[in-house]
Amino acid sequence: MQDDLAFVILILGRLLLGGLFVAGGIQHFFVIVPITDAIEARGVPFAKWVLLSGSVFQIAAGLLLMLGLFVTAAAFALIIFTLAASVMLLNFWDMEGTARDSAVNSWKSNMAIIGGLLTAAAGAL
């Protein structure tokens with residue numbers, strides 16, 4: 024009975040965590056211009072290509088996590104993606120006031136998401 028409950032919790036966790044990345048990647052296709060502008064403002068070359076390829080990547084890796092396929096690889100890929108996106112777009116070190124507070128809170132959330140991804144990876148080992 025306990026093993027069944029653990030399995031259900033594991034599946035639910037993977038669905039929620041992977042679904043976050045799938046939904047986020049899909050949303051990017053509806054806000055291409057502002058996100059591309061934000062990436063360009065950070066000096067990243069080929070900003071639109073970076074956005075589109077990153078969005079497809081996060082959808083694919085999120086789906087793998089949700090489906091329980093290559094979970095460890097998908098989790099570590101999403102960790103790298105989350106760190107790169109955070110550095111690229113949440114540059115709180117260059118901000119002040121409420122913008123800085125918001126970016127710091129987003130960093131904290133992303134670190135918690137990375138914690139969840141590490142837990143998912145460990146559960147698949």
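Numbering (the working numbering), first residue to last: 24 to 148. We put the CB at the ideal spot given by N, CA and C, even for glycine. Being a predicted model, the structure only gives us computed values, none of them experimental.
Cβ pair residue i, residue j closer than 8 Å
i	j	result
I58	L39	no
G36	A122	no
I62	M111	yes
G146	L33	yes
CA nearest to the CA of residue i, picked from the options
i	options	result
S76	A135, G48, L112	G48
A100	G85, I62, H51, V31	G85
S132	L148, L113, M118	L113
Q81	L33, G120, L106	L106
A83	I136, I103, F44, M118	F44
Distance between residue j and residue i (C-alpha atoms, nearest Å)
i	j	result
V89	P68	The sequence as given places Met at residue 89; Val does not occur at that position. For M89 and P68, the distance between alpha carbons rounds to 31 Å.
W116	A70	21 Å
G41	D60	26 Å
L127	H51	The sequence given here places Val at residue 127; Leu does not occur at that position. Spanning the two alpha carbons is a distance of roughly 21 Å.
V54	V31	34 Å
S129	A97	22 Å
V148	T95	Per the sequence presented here, residue 148 reads as Leu, with Val not at that position. Answer to the nearest angstrom: the Cα atoms are 7 Å apart.
V79	L141	22 Å
S125	L87	30 Å
W72	E119	30 Å
R65	I136	23 Å
* To do: Kindly provide the ranges of any alpha helix (DSSP H) runs that are 4 or more residues long and lie completely inside the region 29-81, ordered along the chain.
  => The qualifying runs are 55-64.
* Asked: Where are the alpha helix (DSSP H) runs, 4 residues long or more, that stay fully inside the region 82-143, in chain order?
  -> Within the region 82-143, the complete alpha helix (DSSP H) runs of at least 4 residues are 94-112.
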